[in-house]
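Below you'll find the structure, written out as structure tokens, and then a few comments.
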Amino acid sequence: DGKAGIERNMRLVRTLRESAGPDVDMMLDCWMSWDVPYTIQMAARMEEFAPRWIEEPVLPDKIEQYAEIRRNVRIPISGGEHEYTRWGLKALMDAGACDVYQPDIYWAGGISEMQKIIALASAYDVPVIPHGHSTPASAHVIAAWPETTCPLLEYLLKWNEIHQHFLKTPLKPINGVVTVPTTPGLGMELDEDKMESHEEVTF
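Numbering of the sequence shown is given in our numbering, commencing with residue 23 and proceeding in unit increments.
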């Protein structure tokens with residue numbers, strides 16, 4: 023939307039910062055809808071509001087564009103949720119494309135592959151904050167790493183209401199902290215009282 027779009031986005035960012043106050047982290051998800059010049063212009067305008075990062079400003083395969091953006095802005099850039107193996111993430115890391123990597127444990131190959139991705143990122147001294155679709159699995163993975171490597175658990179309010187609806191004890195943050203279950207597996211137990219009907223399926 024050119025200049026009009028920049029001004030509209032700036033109003034949103036300003037309103038969010040004024041509402042949340044100076045001490046709350048603010049991350050801006052662009053959903054792959056910007057280009058390099060637009061991102062660089064927006065980042066320069068947004069610096070005064072101190073966002074923690076700009077997320078996925080361009081399409082995931084445009085690795086050189088990520089790297090160009092990162093070289094030209096002072097706000098951290100995050101990405102990687104649409105990479106599906108350690109090799110895709112490694113290409114981003116080799117290019118110095120992002121300040122934060124956000125692979126999704128659903129899409130990136132599960133817990134085992136995620137552990138390999140995080141180990142790889144640690145060799146590049148870049149933090150990993152998993153994309154927030156599977157809170158129980160991501161919480162366990164993050165808990166296995168130091169805070170410098172995995173500093174945050176992304177907790178998506180809308181998704182967690184849906185994804186954890188049928189659990190007896192959904193993981194919920196208390197004062198910003200999620201306690202990782204110590205029961206077997208991921209600590210998930212279905213609440214059968216919430217099920218209207220079910221059937222056993224064998225393969």
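Glycine is no exception: its CB is placed at the ideal position from the N, C-alpha and C atoms.
Residue from the options whose Cα sits closest to the Cα of residue i
| i | options | result |
| --- | --- | --- |
| threonine 191 | Pro152, Thr205, Arg30 | Thr205 |
| asparagine 94 | Ala66, Trp181, Pro44 | Ala66 |
| isoleucine 164 | Met136, Lys180, Asp83, Ala145 | Met136 |
| histidine 104 | Glu77, Met49, Ala89 | Glu77 |
| proline 44 | Ile28, Asp57, Gly132, Glu69 | Glu69 |
| alanine 26 | Tyr60, Trp53, Asp47 | Tyr60 |
| glycine 207 | Asp57, His162, Ile28, Ile62 | His162 |
| phenylalanine 188 | Met32, Glu211, Ala117 | Glu211 |
| tryptophan 75 | Met48, Ala89, Ser55 | Met48 |
| proline 168 | His153, Asp116, Val46, Ala141 | Ala141 |
| glycine 110 | Ser55, Glu29, Lys138 | Lys138 |
| cysteine 52 | Glu40, Ile28, Val46 | Ile28 |
| valine 54 | Ser219, Pro79, Val35 | In the sequence under discussion, the amino acid at residue 54 is methionine, which differs from the valine named in the question. The shortest Cα separation from methionine 54 among Ser219, Pro79, Val35 belongs to Pro79. |
Residue burial classification, residue i (beta-carbon count within 10 angstroms, cutoff 16)
| i | result |
| --- | --- |
| leucine 175 | buried |
| valine 223 | exposed |
| arginine 108 | buried |
| proline 195 | exposed |
| glycine 101 | buried |
| asparagine 197 | exposed |
| proline 173 | exposed |
| histidine 254 | In the structure as shown, the chain begins at 23 and stops at 225. Residue 254 is therefore absent and cannot be evaluated. |
| leucine 179 | exposed |
Spatial distance of residue i from residue j (CA atoms)
| i | j | result |
| --- | --- | --- |
| arginine 92 | cysteine 120 | 7 Å |
| aspartate 213 | leucine 38 | 37 Å |
| proline 73 | methionine 64 | 12 Å |
| aspartate 23 | leucine 81 | 17 Å |
| lysine 112 | alanine 166 | 21 Å |
| valine 17 | alanine 159 | Residue coverage of the chain in this structure runs from 23 to 225, which leaves residue 17 outside it and unanswerable. |
| arginine 96 | glutamine 87 | 15 Å |
| glycine 131 | lysine 84 | 22 Å |
| methionine 32 | lysine 216 | 43 Å |
| isoleucine 127 | valine 150 | 12 Å |
| aspartate 57 | serine 156 | 29 Å |
| proline 203 | glutamine 186 | 14 Å |
| glutamine 124 | serine 144 | 13 Å |
| isoleucine 184 | leucine 193 | 12 Å |
| alanine 42 | threonine 170 | 25 Å |
| leucine 50 | isoleucine 62 | 14 Å |
In DSSP terms, what residue i is bridged to
| i | result |
| --- | --- |
| serine 100 | Glu77, Val122 |
| isoleucine 196 | Val199 |
| leucine 212 | Leu189 |
At which residue ranges does the region 45 to 88 contain complete alpha helix (DSSP H) runs of 4 or more residues, listed in the order of the chain? 58 to 68
Just list the beta strand (DSSP E) runs in the region 113 to 187, keeping only unbroken ones of 3 residues or longer that don't cross its boundaries, in chain order. none
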